[in-house]
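Undergrad:
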Amino acid sequence: MKKETFVTLEQLKEITKEYPTPFHLYDEKGIRENVKRLKEAFSWNKGFKEYFAVKATPNPYLINILKEYGCGCDCSSMTELMMAQALGFKGEDIMFSSNATPAEEFVYAREMDAVINLDDFTHIDFLEKTAGIPETISCRFNPGGLFKISTDIMDNPGDAKYGFTKEQLFEGFKILKSKGVKNFGIHAFLASNTVTNEYYPTLAKILFETAVEIEKETGADIKFINLSGGIGIPYRPEQEPNDIYAIGEGVRKAFEEILVPAGMGDIAIYTELGRFMMGPYGCLVTTAVHEKHIYKEYIGCDASAVNLMRPAMYGAYHHITVMGKENEPCDHKYDITGSLCENNDKFAIDRMLPKIDMGDLLVIHDTGAHGFAMGYNYNGKLKSAEILLKEDGTTQLIRRAETPKDYFATFDFSDILSKIEY
Ligand SMILES: *Cc1c(COP(=O)(O)O)cnc(C)c1O
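Residue numbers (my numbering): 191 to 612.
This is the structure:
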């Protein structure tokens, strides 16, 4: 499928008059339509709730849009909990799914009455000693081995640091019950960025069967099953996007087949989607500022891996549109690079694109999740602004760009820094 941008060249020309590139741009209309579809797809489940994975796009303005649709927050750290609290999320609107969790984060999560999703068997003891055991708790399950959908290997849970083994899960539920827990949840995240409608239904089946077994054996009252994140997006043009209605229907079937006959038809389904909620509805806008002709052809941009790390970190594909040249032939082979002193600072390698001229605006697609958020400050590069393209076509600055002052803010050498002019 041809990958279209959600913004036009004319709009970008206007936006760049006010805000210099690079910046991340978000599509309010796309975000809203997508969350509505998700809710509809799972409307068969009375307790359904999406806890947006804050780490994917930790911007309060964007999270507030999702909040309008009843989404909660899935937090994994102190600052994410703080952000959720500042936005007015309370108690059961917050899922705290973290691992190797510091004691003070458990304490803080307990103070907020967030739902804690324990990552490990030993955390039962740790939580009891540091923050106390709440009435509602969830445990993360790791079935080990390879996670397959028919014969395709999707991921390798046996090699992942997360979750309880099956034996630990059963034992853990017994212990937690004896310590006064009344409401239980089960959580698992077995494959990332899946582009198949089968992932959630396959995962659901595993979790539903496990839930039936656990209830039988331990008597624990399971109130919710958290399918977590992992629904992917088509980064590549040739990929078929997921159909969220087919996914919702697949989970419903498993629910009807496994939970309903076991008398567990009142279980709520939770999700903790990040990428699926925001990924396609953000892009990184950058300007081509240099061209270089050595052994290969290079285009140097004003954005770098500081703004988007996925290509450098995972070799991830992000589609690139040269704005205004959408219909020109892709007859030039380029490496599209940033300016870091790191040879992996490339948004694309050997990419066939139309001829790029200096000053051309490039849109790097699908940066709405795990994009800005993964950024860092290597080479002393500053993080960009985030801008919301609103439904009415106007824009709102939802995070200003960093300034040198931000970069230097953690030095406490005021006598030295006073000599620097910003
Ligand atoms: C990262 C993460 C998510 C979100 O994952 P996506 O792939 O963005 O959907 C959800 N839950 C947990 C616990 C995570 O670590």
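Just so it is clear, CB atoms sit at the ideal spot from N, CA and C, and this is done for glycine as well.
Values in this document were obtained by computation on a predicted structure and should not be read as measured data.
Quick one: using the 10 Å Cβ neighbour count with 16 as the cut-off for buried, is residue 483 buried or exposed?
TA: Its Cβ having fewer than 16 others within 10 Å, residue 483 is exposed.
Undergrad: Classify residue 557 as buried or exposed, calling it buried when 16 or more other Cβ atoms lie within 10 Å of its own Cβ.
TA: With 16 or more Cβ atoms within 10 Å of its Cβ, residue 557 is classed as buried.
Undergrad: Exposed or buried, what is residue 313 when buried is set at 16 or more other beta-carbons lying within 10 Å of its beta-carbon?
TA: Per the 10 Å Cβ criterion, buried.
Undergrad: If we call anything under 8 angstroms between Cβ atoms a contact, is residue 224 one with residue 467?
TA: Cβ atoms of residue 224 and residue 467: closer than 8 angstroms.
Undergrad: Is any heavy atom of ligand 1 found at a distance shorter than 7 angstroms from the C-beta of residue 379?
TA: Checking every heavy atom of ligand 1 against the Cβ of residue 379, one is found closer than 7 angstroms.
Undergrad: May I ask you to check if the CB of residue 423 is nearer than 7 angstroms to at least one heavy atom of ligand 1?
TA: Residue 423 Cβ: outside cutoff for every heavy atom of ligand 1.
Undergrad: For the segment 418-436 and the segment 205-217, state whether three or more C-beta atom pairs, one from each stretch, are separated by less than 8 angstroms.
TA: Taking 8 angstroms as the limit for Cβ pairs, the verdict is that the segment 205-217 does not touch the segment 418-436.
Undergrad: Measure the Cβ-Cβ separation of residue 331 and residue 306 and say whether it is below 8 angstroms.
TA: No, Cβ-Cβ distance for residue 331 and residue 306 is not below 8 angstroms.
Undergrad: I want to check one thing, is the minimum distance from the CB of residue 465 to the heavy atoms of ligand 1 below 7 angstroms?
TA: Flag set: Cβ of residue 465 near ligand 1.
Undergrad: Find the nearest neighbour of residue 361 within the set 408, 381 and 321, judged by alpha-carbon distance.
TA: The shortest C-alpha separation from residue 361 is found at 408.
Undergrad: Cβ atoms of residue 478 and residue 549: under 8 angstroms apart, would you say?
TA: Taking 8 angstroms as the Cβ cut-off, residue 549 and residue 478 qualify as a contacting pair.
Undergrad: Determine the contact status of residue 506 and residue 495, defining contact as a CB-CB distance below 8 angstroms.
TA: Result no, Cβ atoms of residue 506 and residue 495 do not sit closer than 8 angstroms.
Undergrad: Below 8 angstroms between beta carbons: does that hold for residue 241 and residue 309?
TA: The answer is no: Cβ separation not under 8 angstroms.
Undergrad: Note the first and the last residue of the continuous beta strand (DSSP E) segment covering residue 241.
TA: Residues 239-243.
Undergrad: State yes or no: is the C-beta of residue 335 within less than 8 angstroms of the C-beta of residue 303?
TA: No, they are not a contact pair.
Undergrad: Starting from residue 541, trace the alpha helix (DSSP H) both ways and give me its first and last residue.
TA: Per DSSP, residue 541 belongs to no alpha helix (DSSP H); it is in the beta strand (DSSP E), 536-543.
Undergrad: Are the beta-carbon atoms of residue 292 and residue 273 separated by less than 8 angstroms?
TA: Going by C-beta atoms, residue 292 is not nearer than 8 angstroms to residue 273.
Undergrad: Would you mind stating whether residue 459 and residue 238 have Cβ atoms separated by less than 8 angstroms?
TA: Yes, these two residues count as a Cβ contact at 8 angstroms.
Undergrad: Beta carbon of residue 418: closer than 7 angstroms to some heavy atom of ligand 1?
TA: Correct: residue 418 has its Cβ closer than 7 angstroms to ligand 1.
Undergrad: Classify residue 220 as helix, strand or coil using the three-state DSSP reduction.
TA: Of the three classes helix, strand and coil, the one that applies to residue 220 here is helix, per DSSP.
Undergrad: Less than 8 angstroms between the C-beta atoms of residue 574 and residue 599, yes or no?
TA: No, the Cβ-Cβ distance between residue 574 and residue 599 is not below 8 angstroms.
Undergrad: Compare the Cα-Cα distances from residue 463 to each of 261, 571, 254 and 481 and report the closest residue.
TA: Nearest C-alpha to residue 463: 261.
Undergrad: State yes or no: is the C-beta of residue 332 nearer than 7 angstroms to some heavy atom of ligand 1?
TA: No, ligand 1 has no heavy atom inside 7 angstroms of this Cβ.
Undergrad: Does the beta carbon of residue 462 fall short of 7 angstroms from some heavy atom of ligand 1?
TA: Yes, the Cβ of residue 462 comes within 7 angstroms of a heavy atom of ligand 1.
Undergrad: Does the beta carbon of residue 245 fall short of 7 angstroms from some heavy atom of ligand 1?
TA: Residue 245 Cβ: within cutoff of ligand 1.
Undergrad: Three or more C-beta pairs under 8 angstroms: does that hold for the segment 518-525 against the segment 437-453?
TA: As far as the Cβ criterion goes, the segment 518-525 does not touch the segment 437-453, which means the pair count is below three.
Undergrad: With residue 362 as the anchor, note down where its alpha helix (DSSP H) starts and where it stops.
TA: Counting along the chain, the alpha helix (DSSP H) containing residue 362 begins and ends at 356-368.
Undergrad: Quick one: residues in its chain with C-beta nearer than 6 angstroms to the C-beta of residue 392, no 5 flanking neighbours on either side, listed in chain order?
TA: Excluding positions up to five away in sequence, the list reads 339.
Undergrad: Would you kindly work out how many angstroms separate the C-alpha atoms of residue 443 and residue 518, rounded to a whole number?
TA: About 46 angstroms.
Undergrad: Where do the ends of the alpha helix (DSSP H) carrying residue 252 lie?
TA: Where residue 252 is concerned, the enclosing alpha helix (DSSP H) stretches over 250-257.
Undergrad: Is residue 393 helix, strand or coil by DSSP?
TA: DSSP places residue 393 in helix when its eight states are reduced to three.
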